[in-house]
C-alpha cells in the first residue's frame, strides 16, 4: 500500500501505524497525510463498506492513544479503477500529424499520456485536466 511505502522511507509514526492497523482490520485503508511524523491520517470509507463511518470512528477513538476523528466528504472521482484491457490505445504520432497549428501543448500531452500509461499497468487511471495554452 501507499502507507507501507511511506513507512519504508521513514515518514510514518507509531501512532499513524496504529490507526492504519485498526482500519485495516475493518476492511478499509488509511494513509498519512501532510508531512507525517504522527500528525494525521486519511481513511477512505467506500459506500459498500460493511462498517459505518460511526463504527470506524468509534473503534479508532476508543484506542488508548486518544485519537480524534474529523469527517469529510470526497468532492469528486479523482482516481478510479479501469481494466487495462478496455483502455483505448492512443496513436500519438497520428495525433501529432493531424494537428499542424500547434493548438495542443504536445510536450505536456505526451508527458500526461505517458504518466497515465505507467499507472494503467497497475490498473489505475489518473483523471486530470488538460488545458490549451
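In full-length UniProt numbering, the protein residues as written are 1 to 133. C-beta atoms are modelled at their ideal positions from N, C-alpha and C, and glycine is treated no differently.
Query raised in the report: For residue 45, which residues of its own chain have a beta-carbon under 7 Å away from its beta-carbon, when the five flanking residues on both sides are left out?
Result: Reading the chain shown from its first residue, position 45 is the one you call residue 45. Closer than 7 Å at the Cβ level, and outside the excluded window around residue 45, lie 28, 53, 56.
Query raised in the report: Would residue 33 pass as a contact of residue 19 if the rule is Cβ separation under 8 Å?
Result: The residue given as residue 33 occupies position 33 in the chain shown. The residue given as residue 19 occupies position 19 in the chain shown. Not in contact: residue 33 and residue 19 (Cβ atoms no closer than 8 Å).
Query raised in the report: Does the separation of the CB atoms of residue 22 and residue 63 fall below 8 Å?
Result: Position 22 of the chain shown, counting from 1, holds the residue named residue 22. Position 63 of the chain shown, counting from 1, holds the residue named residue 63. In this structure, residue 63 lies closer than 8 Å to residue 22 by Cβ.
Query raised in the report: Which residue comes first and which comes last in the beta strand (DSSP E) that contains residue 40?
Result: Here residue 40 refers to the residue found at position 40 when the chain shown is read from its first residue. First-last of the beta strand (DSSP E) with residue 40: 40 to 44.
Query - Nearest to residue 72 (by Cα), restricted to the options 43, 30, 6 - result: Residue mapping note: residue 72 aligns to position 72 of the chain shown, counting from 1. Among 43, 30, 6, the Cα nearest to that of residue 72 is on 43.
Query raised in the report: Where DSSP assigns a beta bridge to residue 29, which residues make up the other side?
Result: The sequence position of residue 29 within the chain shown is 29, counting from 1. Beta-bridge pairing links residue 29 to 44.
Query raised in the report: Does the distance from the CB of residue 17 to the CB of residue 31 come in under 8 Å?
Result: The residue given as residue 17 occupies position 17 in the chain shown. The residue given as residue 31 occupies position 31 in the chain shown. Cβ distance not < 8 Å, so residue 17 and residue 31 don't count as in contact.
Report task. Please go through the same chain and pick out, in chain order, the residues whose beta-carbon is closer than 8 Å to the beta-carbon of residue 47, but skip the five residues on each side of it. Result -> Start at 1 with the first residue of the chain shown, and residue 47 comes out as number 47. Nothing listed; no residue qualifies.
Query raised in the report: When DSSP labels each residue in this structure, what does residue 23 get in the three-state scheme?
Result: To locate residue 23, count along the chain shown from 1; it is residue 23. If DSSP states are grouped into helix, strand and coil, residue 23 belongs with the helices.
Requested in this report: Return the first residue and the last residue of the alpha helix (DSSP H) that residue 5 is part of.
Outcome: Residue 5 sits at position 5 when you count from the first residue of the chain shown. Where residue 5 is concerned, the enclosing alpha helix (DSSP H) stretches over 2 to 8.
Requested in this report: Determine the DSSP secondary structure at residue 16, reduced to helix, strand or coil.
Outcome: The residue you call residue 16 lines up with position 16 of the chain shown. Looking at residue 16 - three-state DSSP - the assignment turns out to be helix.
Query - Nearest candidate by alpha-carbon position, reference residue 13, set 26, 1, 39 - result: Residue 13 sits at position 13 when you count from the first residue of the chain shown. Nearest C-alpha to residue 13: 39.
Query - Helix, strand or coil at residue 58 according to DSSP, with G and I counted as helix - result: For this step, residue 58 is matched to residue 58 along the chain shown. Correct three-state label for residue 58: helix.
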